[in-house]
Amino acid sequence: MLIDHNYINNLLATSSRLTDQQLEAILEKSQNKQQLSPAEVASLLQVENQKQLQRIYQTAGQVKNSIYGNRVVVFAPLYISNYCVNNCTYCGYRRDNDFPRTKLSQEQVEEEVKILEKMGHKRIALEAGEDPVNCNLDYVLQCLDTIYHTENVNGRIRRVNVNIAATTVEDYKRLKTKDIGTYILFQETYHQPTYEKVHPASIKGDYQYHLTAFDRAMEAGIDDVGGGVLFGLADYRFEVLALMLHNQHLEEKYGVGFHTVSVPRLKKAEGMSLEMFPHLVSDQDFKKLVAIIRLAIPYTGMILSTRETAELRRELVDYGISQISAGSCTGVGGYKENEMQKSTDQFSIEDNRSPLEVLKELVSDGLVPSYCTACYREGRTGDRFMRLAKSGQIQNVCHPNALMTLMEFMLDYGDQELLAQGEAFIDQEVNSIAREDIKNLVRKNLARLKQGERDLYL
Ligand code: SAM
Ligand code: SF4
Numbered sequence: 018m019l020i021d022h023n024y025i026n027n028l029l030a031t032s033s034r035l036t037d038q039q040l041e042a043i044l045e046k047s048q049n050k051q052q053l054s055p056a057e058v059a060s061l062l063q064v065e066n067q068k069q070l071q072r073i074y075q076t077a078g079q080v081k082n083s084i085y086g087n088r089v090v091v092f093a094p095l096y097i098s099n100y101c102v103n104n105c106t107y108c109g110y111r112r113d114n115d116f117p118r119t120k121l122s123q124e125q126v127e128e129e130v131k132i133l134e135k136m137g138h139k140r141i142a143l144e145a146g147e148d149p150v151n152c153n154l155d156y157v158l159q160c161l162d163t164i165y166h167t168e169n170v171n172g173r174i175r176r177v178n179v180n181i182a183a184t185t186v187e188d189y190k191r192l193k194t195k196d197i198g199t200y201i202l203f204q205e206t207y208h209q210p211t212y213e214k215v216h217p218a219s220i221k222g223d224y225q226y227h228l229t230a231f232d233r234a235m236e237a238g239i240d241d242v243g244g245g246v247l248f249g250l251a252d253y254r255f256e257v258l259a260l261m262l263h264n265q266h267l268e269e270k271y272g273v274g275f276h277t278v279s280v281p282r283l284k285k286a287e288g289m290s291l292e293m294f295p296h297l298v299s300d301q302d303f304k305k306l307v308a309i310i311r312l313a314i315p316y317t318g319m320i321l322s323t324r325e326t327a328e329l330r331r332e333l334v335d336y337g338i339s340q341i342s343a344g345s346c347t348g349v350g351g352y353k354e355n356e357m358q359k360s361t362d363q364f365s366i367e368d369n370r371s372p373l374e375v376l377k378e379l380v381s382d383g384l385v386p387s388y389c390t391a392c393y394r395e396g397r398t399g400d401r402f403m404r405l406a407k408s409g410q411i412q413n414v415c416h417p418n419a420l421m422t423l424m425e426f427m428l429d430y431g432d433q434e435l436l437a438q439g440e441a442f443i444d445q446e447v448n449s450i451a452r453e454d455i456k457n458l459v460r461k462n463l464a465r466l467k468q469g470e471r472d473l474y475l
């Protein structure tokens, strides 16, 4: 059994409170970038003491910094269809919710993409409900073509991650032909009884089929896969351990685990109330679980959406989050409608700031916003990306690339405030690059960007 429930429950039942010394030993292992064992993760999950929690947050921040540096990748979701045959009890798109369903025509996809491009986005996550008739794979593939070919004054979307329902090896092979970035699928909950309860009578209700989706994706040659849990459905401690086991399974079988892990937390949606869910996660437990996932799988990217408030997002970037969405809409055609009459959203969001505002905050916090898409375009995916991460080369490749995309953003979408703030910041960051040859190359590229060239990367 891929997710052995008894094993996880036993770990949780038998892990005892850590002494400070035991905690430090685990944190040291993590600082040395060694993966933690499930038993170690289980004991970290038991920590409640404030002083020990601070040590966990602090170390998670250090681990993140030493691997990823001070970059934060920025992206936005694009909802193409809200048709859905499933009845997930937590979701605004479920079939029992009665509202006019819609999907984007190719002209509308183009319109939405142009608006996203005008906000400065280069990376998007395509999202859709599951409906084999109204939103079949042909339609999704067509949308991908349209997205990649839609050009605005300042260029195109350069990477599309895809979050669509679990499917067959055949369909994953077809998806792979479209040069997608990461294939993302949330397990929602690894706890089978809860899974079956919140996914009544539906295609998605098959726990095993959903759980083995990444196996089929890997078999189809998709080597960048992104997992996730919808926190709030079942005990978060169970979920974190199960996530570790799932990652371990992929590593053992395919040589590479999750490229990213998303940590969506359950939010109010149409037709459901949060009181229906007894395992909602408090802010404190949420911070803890983010930090523990960072410590447990140090090389995996961690994604946080606008479901969370600006304040919490700012804090969590320090504890391990490496990618955030910005300026998001979770309705179909939502970017066009924006402040106008709202379509039905999948769930409510908390951080409504524009990418420009988010970027200003990141820069003022000494973080480099990144729209870089170089790795996947250079074929550095799957274990090739992991090798780059593990060799420490991220600092020599990703950091310079992030600086170049920040300069692009400032020139094309920035205002006077960001330009003033960003110029000095980029200068200081370039000076911190250790290798002289790279430092010179970046300086040269920044000058080329100012002269009008675009899309330069290492
Ligand atoms: N329909 C596909 C699926 O379910 O896998 C594609 C993804 S769906 C558009 C995106 C994700 O939104 C779901 O996987 C789920 O975790 C999340 N979601 C649904 N309802 C939510 C809610 N009320 N609060 C927060 N996230 C929610
Ligand atoms: Fe449909 Fe996905 Fe929402 Fe479930 S989570 S109802 S599958 S859109």
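The sequence shown lines up with residues 18 to 475 when you count with my numbering.
Just so it is clear, CB atoms sit at the ideal spot from N, CA and C, and this is done for glycine as well.
No experiment lies behind these values; they were computed from the predicted model shown.
Span separating the alpha-carbon of residue i from that of residue j
| i | j | result |
| --- | --- | --- |
| residue 312 | residue 51 | 9 Å |
| residue 318 | residue 199 | 11 Å |
| residue 356 | residue 364 | In this prediction, residue 356 scores a pLDDT of 39, lower than 50, which makes its location untrustworthy; the coordinate-derived value is nonetheless stated afterwards. Taking the straight line from one Cα to the other gives about 16 Å. |
| residue 404 | residue 411 | 10 Å |
| residue 425 | residue 466 | 7 Å |
| residue 170 | residue 67 | 51 Å |
| residue 58 | residue 151 | 42 Å |
| residue 478 | residue 158 | Since the first residue of the chain shown is 18 and the last is 475, residue 478 is not available in this structure. |
| residue 252 | residue 297 | 8 Å |
| residue 358 | residue 348 | Legend: pLDDT at residue 358 = 47, less than 50; position of this residue unreliable, value from coordinates given subsequently. So the two alpha carbons sit approximately 11 Å from each other. |
| residue 190 | residue 65 | 45 Å |
| residue 140 | residue 93 | 7 Å |
| residue 229 | residue 449 | 44 Å |
| residue 133 | residue 34 | 48 Å |
| residue 38 | residue 206 | 33 Å |
| residue 217 | residue 153 | 22 Å |
| residue 293 | residue 396 | 44 Å |
| residue 182 | residue 36 | 43 Å |
| residue 138 | residue 32 | 44 Å |
| residue 414 | residue 87 | 13 Å |
| residue 13 | residue 232 | Any question about residue 13 goes unanswered here, given that the chain covers just 18 to 475. |
| residue 2 | residue 341 | Examination of residue 2 is not possible in this model, given that the chain is present from 18 through 475 alone. |
| residue 125 | residue 197 | 20 Å |
For residue j and residue i, believed in contact at Cβ under 8 Å, the rounded distance
| i | j | result |
| --- | --- | --- |
| residue 333 | residue 305 | In fact, because the Cβ distance is near 11 Å, the residues do not count as touching under 8 Å. |
| residue 420 | residue 459 | 6 Å |
| residue 350 | residue 129 | 7 Å |
| residue 272 | residue 264 | Residue 272 to residue 264, Cβ: 12 Å. No contact. |
| residue 287 | residue 104 | Incorrect: roughly 13 Å between the Cβ atoms, too far for contact. |
| residue 203 | residue 143 | At roughly 14 Å, the Cβ-Cβ gap does not stay under 8 Å, so residue 203 and residue 143 are not in contact. |
| residue 289 | residue 474 | Rounded, the Cβ-Cβ distance is 43 Å, inconsistent with contact. |
beta-carbon residue i near ligand 1 non-hydrogen atom, thresh 7 Å
| i | result |
| --- | --- |
| residue 392 | no |
| residue 284 | yes |
| residue 153 | no |
| residue 134 | no |
| residue 367 | no |
| residue 202 | yes |
| residue 324 | yes |
| residue 247 | yes |
| residue 364 | yes |
Near ligand 4: residue i beta-carbon under 7 Å from a heavy atom
| i | result |
| --- | --- |
| residue 160 | Here the bound small molecules are ligand 1 and ligand 2; ligand 4 is not part of this structure. |
beta-carbon residue i near ligand 2 non-hydrogen atom, thresh 7 Å
| i | result |
| --- | --- |
| residue 111 | yes |
| residue 182 | yes |
| residue 105 | yes |
| residue 86 | no |
| residue 328 | no |
| residue 147 | yes |
| residue 68 | no |
| residue 481 | Nothing can be reported for residue 481, as the shown portion of the chain is limited to 18 through 475. |
Helix, strand or coil at residue i according to DSSP, with G and I counted as helix
| i | result |
| --- | --- |
| residue 472 | coil |
| residue 90 | strand |
| residue 356 | Low per-residue confidence applies at residue 356: pLDDT is 39, beneath 50, and the placement is therefore not dependable enough to give any value. |
| residue 47 | helix |
| residue 289 | coil |
| residue 386 | strand |
| residue 304 | helix |
| residue 235 | helix |
| residue 450 | coil |
| residue 120 | strand |
| residue 415 | helix |
| residue 152 | strand |
| residue 477 | With the chain covering only 18 through 475, there is no way to say anything about residue 477. |
| residue 183 | coil |
| residue 136 | coil |
| residue 439 | helix |
I'd like to know if the stretch 46-53 and the stretch 63-72 are in contact, where contact means that at least 3 CB-CB pairs between them fall below 8 Å.
No: fewer than three Cβ pairs fall under 8 Å.
Check whether the stretch 181-190 and the stretch 231-245 touch, using three or more Cβ-Cβ pairs below 8 Å as the test.
The stretch 181-190, when compared against the stretch 231-245, does touch it at the 8 Å Cβ threshold.
Touch test, the stretch 438-458 against the stretch 372-392, Cβ-Cβ under 8 Å, three pairs minimum:
Contact between the stretch 438-458 and the stretch 372-392 is established, with three or more Cβ pairs separated by less than 8 Å.
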